[in-house]
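Take a look at the structure set out below.
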Amino acid sequence: MAKPEAHVAEYKKRIVKELVELLESYPTVGVVDLMYLPASQLKRIRNVLRGKVLIKVAKKRLIGLALDALSRKKKGIDKLKDYLQGICALVFSNENPFVLYKLIQKNKSKAPAKAGQIAPNDIIVKAGPTPFTPGPIIGELGALGIKTKVEGGKINIVEDKVVVKEGEVISEKVAEILKRLGIEPMEIGLNVIAVYENGLIYEKDVLAVDEEKLMNDLVETFLIAKSLAKEAGYFVKEVVEEMIAECFNLCKAVALESWFVCPETIEDSLYAGEKYALMLADKIKWEV
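So this is what it looks like as structure tokens:
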């Protein structure tokens, strides 16, 4: 007896079909987590990013089906299934993964931590003054491993302290202390998990580059490579002009030292001759 086929709701088929069409249309596709993101904030982000980033919220199973359906046309895109977590969505863009990540990060806002939330990164209480006078707060800070001392009638935090590590759950005590210290460690917005482009998947750690540091590192690397090329006498367009100039100056110096007169040295030779003649005249008291 034939096994009856499972009934799939038409709206689910439409969602999968729409996702497949979007996956085919856009070169860059990302998985984002919407956990703790209010609907009003999501609406605002959609409006701000309209024309640059398209956000499509769907159930993980339906997203997975769409990714599988396109895995033959777009190599490796089905691996995005490994990053479907929490309340997730897909983002579509014509920008490259790094520009997409930057656009999304720009539209995040700070928020206080709540008990039960997951730390998005290491939450650090920095060393420095606090507005608190000595009292029970010293013990509360100490319970979290935060070292303090009293200066000028106020509590000072002696050294930086990581109170919650990335990925750990924020406790009620920690959330309360952070609130009292005015620390807002949470970011409200789309949390990028991974982005796909041209068969490659870029995770959050790769996308979150420090652009200024990267540029400084590139400049430093270029200068080191340039210096090595010059030292080794390796001719490439970036150093050939400087190497020719250095060779010219060296040859000119040798020619001047040996009083070899040529078009390139005649002016300097005449100047040097005049200089020596004046020095000699001064020594023997001749009038020039």
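Numbering (my numbering), first residue to last: 20 to 307.
Where a beta carbon is used, it is the ideal one built from N, C-alpha and C, also for glycine.
- Leu-242 has its alpha-carbon roughly 50 Å from the corresponding atom of Ala-58.
- DSSP places Ile-263 inside the alpha helix (DSSP H), whose first and last residues are 256 to 276.
- Under the three-pair Cβ rule at 8 Å, the segment 96 to 105 does not count as touching the segment 187 to 200.
- Looking at the DSSP output, Ser-112 sits in a beta bridge with Thr-47 and Val-72.
- Straight-line spacing of the CA atoms in Lys-223 and Lys-129 works out to 19 Å.
- Taking the CA atoms as reference points, Val-273 sits about 14 Å from Ala-264.
- When DSSP assignments are scanned along the segment 200 to 225, the uninterrupted stretches of beta strand (DSSP E) that are 3 or more residues long and fall wholly within it turn out to be 205 to 207, 210 to 216 and 219 to 222.
- Judged by DSSP in its simplified three-state form, Thr-167 adopts strand.
- Here Ala-227 carries a coil assignment [DSSP, helix/strand/coil].
- In the structure shown, Pro-139 adopts coil according to DSSP, grouped into three states.
- As the crow flies, the alpha-carbon of Ala-213 is around 21 Å from that of Val-67.
- In this model, Val-280 and Leu-247 are separated by some 34 Å (Cα to Cα).
- Boundaries around Ser-128 are those of the beta strand (DSSP E), 128 to 130, since no alpha helix (DSSP H) includes it.
- Taking C-beta separations shorter than 8 Å and ignoring five residues to either side along the sequence, the partners of Asp-287 in its chain run Lys-271 and Leu-275, following chain order.
- The DSSP-derived three-state label of Ile-176 is strand.
- Within the same chain, Lys-75 come within 8 Å of Glu-37 by CB-CB distance, once the 5 residues on both sides are set aside.
- Annotation: Lys-180 to Thr-167 spans about 11 Å, alpha carbon to alpha carbon.
- Here the segment 156 to 173 makes no contact with the segment 218 to 238; the two share fewer than three CB pairs at distances below 8 Å.
- Closest by C-alpha distance to Leu-119, out of Val-48, Lys-92 and Glu-250, is Val-48.
- In the DSSP annotation of this structure, the continuous segment of the alpha helix (DSSP H) that includes Glu-159 starts and ends at 155 to 162.
- Contact between the segment 200 to 215 and the segment 100 to 117 is present: 3 or more CB-CB pairs across the two stretches fall below 8 Å.
- Inter-residue distance for Pro-139 and Cys-107 is about 16 Å (C-alpha atoms, whole angstroms).
- Per the Cβ contact rule, the segment 140 to 149 is in contact with the segment 195 to 204 (3 or more Cβ pairs under 8 Å).
- Val-181 carries a strand assignment under DSSP once its states are collapsed to helix, strand and coil.
- The alpha carbon of Leu-226 has as its nearest neighbour, out of Glu-261, Val-72, Leu-41 and Gln-124, the alpha carbon of Gln-124.
- Contact between Ile-196 and Tyr-55 does not hold, since the beta-carbon distance rounds to 20 Å and is not under 8 Å.
- For Ala-85, the enclosing alpha helix (DSSP H) has its first and last residue at 79 to 88.
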